[in-house]
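Take a look at the structure set out below.
2 protein chains.
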Amino acid sequence: MKHEDREIDGRMAHFEEVCRTEGVKLTHQRMEVFREVAVRGDHPDAESIYEGVRQRVPTMSLDTVYRTLWLLSDLGLITTLGPSRERTRFDANLQPHHHFVCVRCGLTRDFHSDAFGDLKLPKSIESMGRVERTHVEARGICTECAKKKTEIGTIATKKKKK
Amino acid sequence: MKHEDREIDGRMAHFEEVCRTEGVKLTHQRMEVFREVAVRGDHPDAESIYEGVRQRVPTMSLDTVYRTLWLLSDLGLITTLGPSRERTRFDANLQPHHHFVCVRCGLTRDFHSDAFGDLKLPKSIESMGRVERTHVEARGICTECAKKKTEIGTIATKKKKK
DNA sequence: TTAGGTGCAAATTCTTTGCACCCTG
DNA sequence: CAGGGTGCAAAGAATTTGCACCTAA
Chain L
1 MKHEDREIDG RMAHFEEVCR TEGVKLTHQR MEVFREVAVR GDHPDAESIY EGVRQRVPTM
61 SLDTVYRTLW LLSDLGLITT LGPSRERTRF DANLQPHHHF VCVRCGLTRD FHSDAFGDLK
121 LPKSIESMGR VERTHVEARG ICTECAKKKT EIGTIATKKK KK
Chain F
163 MKHEDREIDG RMAHFEEVCR TEGVKLTHQR MEVFREVAVR GDHPDAESIY EGVRQRVPTM
223 SLDTVYRTLW LLSDLGLITT LGPSRERTRF DANLQPHHHF VCVRCGLTRD FHSDAFGDLK
283 LPKSIESMGR VERTHVEARG ICTECAKKKT EIGTIATKKK KK
């Protein structure tokens, strides 16, 4: 697994660099939380990350894990699966369709595309399972948010500027 | 908006039919909750659906909205955006990549595809906003869950069979 | 040294559940 | 009329926050 280790090392190095340039302290806890997310390929939730880190840092608390995860997210070092910091949302459109998602405000709108009907999936996917349908998520900034321009930077940046 | 109205009517009809065949009672509340989700194109959360329905059915309670939404989801009449009934999950992979998601257990694994690098988006998306990146979600049943076969039907079916 | 970071515990927020009455089939 | 469905209130889960002590820079 030489390749994977190198990948992790690269992520750790990037993490440390971003923390330094953003003026965020490199604590033991933060390194372990980031490492846990970086090493695991299963996209764990906060609780699961907490359990993993606790084996190495028994004093770690769950609230620090949460604080750290959102910090990392604000720094652009990690992302969330699905809507971030939002409640579950529902969709009554059963037709095959795709979503445009605004990464700033969460606006989500359907769009259709015949071209996306039969995307050719790589063979690597066969070992994971049988795919029943594919769905494309186009992420960007919606028209409304774009109007507001650079009104606000990232939360992390705001904090730093104090 | 002739076309849209027809689409909604079709969804309502399908909803009523499924309820009948599944032996689920067609209550005023359920119809209004389903209609609210069907009519709105913004994929609302439970609270928002609650507010919308309450204007027509002032006695509606939030817990009924939740119960109804999960029932509709079990019946396959609606779906959720992102992970269903799950906590937020994190991803440290910053490289452009895609996900295979098991709709049964939630297992999520990365996969890569050069072909998906530059999907041609329909022009209809331009009015929504500026797309920065696209991400493909391949949904299906993972190898592990497939082994377990038809061990369990849908929750709705289970309920019905009592 | 010192401002930011952490752990603890309490507070919030979101969602689910028990129960008695109500309404669809 | 019977059994599922609903509203209410209270419980539970997940996540956030206030505060005093701790530690990286």
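Line by line, the protein sequences are chains L and F.
Heads up, the first sequence is in the numbering used here, so the first residue is 1 and it goes up one at a time.
Heads up, the second sequence is in the numbering used here, so the first residue is 163 and it goes up one at a time.
Don't be surprised by glycine CBs; every beta carbon is placed ideally from N, CA and C.
Task: Same chain, Cβ closer than 6 Å to F:Thr316, five either side skipped, listed in chain order - done: Its pLDDT being 41, under 50, F:Thr316 is placed unreliably by the model, and nothing is read from it.
Open item on the list: For L:Phe116, report the span of its alpha helix (DSSP H) as first-last.
Closed with: It is not in any alpha helix (DSSP H) - L:Phe116 carries neither H nor E in the DSSP assignment.
- [ ] Please look up how many angstroms separate the CB atoms of F:Thr270 and L:Asp42, rounded, as I've assumed it's under 8 Å.
- [x] 7 Å
Open item on the list: Considering only their Cβ atoms, is the gap separating L:Val136 from F:Val199 smaller than 8 Å?
Closed with: no
Open item on the list: Less than 8 Å between the beta carbons of F:His260 and F:Ser275, yes or no?
Closed with: yes
TODO: Measure from the C-beta of L:Cys19 to each C-beta in chain F and report whether the shortest distance is under 8 Å.
DONE: no
TODO: Report buried or exposed for F:Lys321, applying the criterion of at least 16 other Cβ atoms within 10 angstroms of its Cβ.
DONE: Because the pLDDT at F:Lys321 is just 38, under 50, the model does not fix this residue reliably, and the point stays unresolved.
Open item on the list: Assuming F:Val199 is part of the alpha helix (DSSP H), what are its boundary residues?
Closed with: His190 to Val201
Task: C-beta atoms of L:Phe116 and F:Ser286 nearer than 8 Å - done: With contacts defined as CB atoms closer than 8 Å, L:Phe116 and F:Ser286 fail to qualify as a contacting pair.
Task: For F:His165, the three-state DSSP class (helix, strand or coil) - done: helix
Open item on the list: Quick check on F:Ala300: buried or exposed, where buried means 16 or more other Cβ atoms within 10 Å of its Cβ?
Closed with: buried
Task: F:Lys324 versus F:Arg173 - alpha carbon distance - done: With a pLDDT of 28 at F:Lys324, under the threshold of 50, the modelled position of this residue cannot be trusted, and the question is left open.
Task: Nearest residue (CA-CA) to F:Arg229, options F:Leu256, F:Arg192 and F:Arg218 - done: Closest option to F:Arg229, Cα to Cα, is F:Arg192.
TODO: Run the CB neighbour count on F:Cys267, radius 10 Å, all protein chains shown included, and call it buried at 16 or more, exposed below.
DONE: Label assigned to F:Cys267: exposed.
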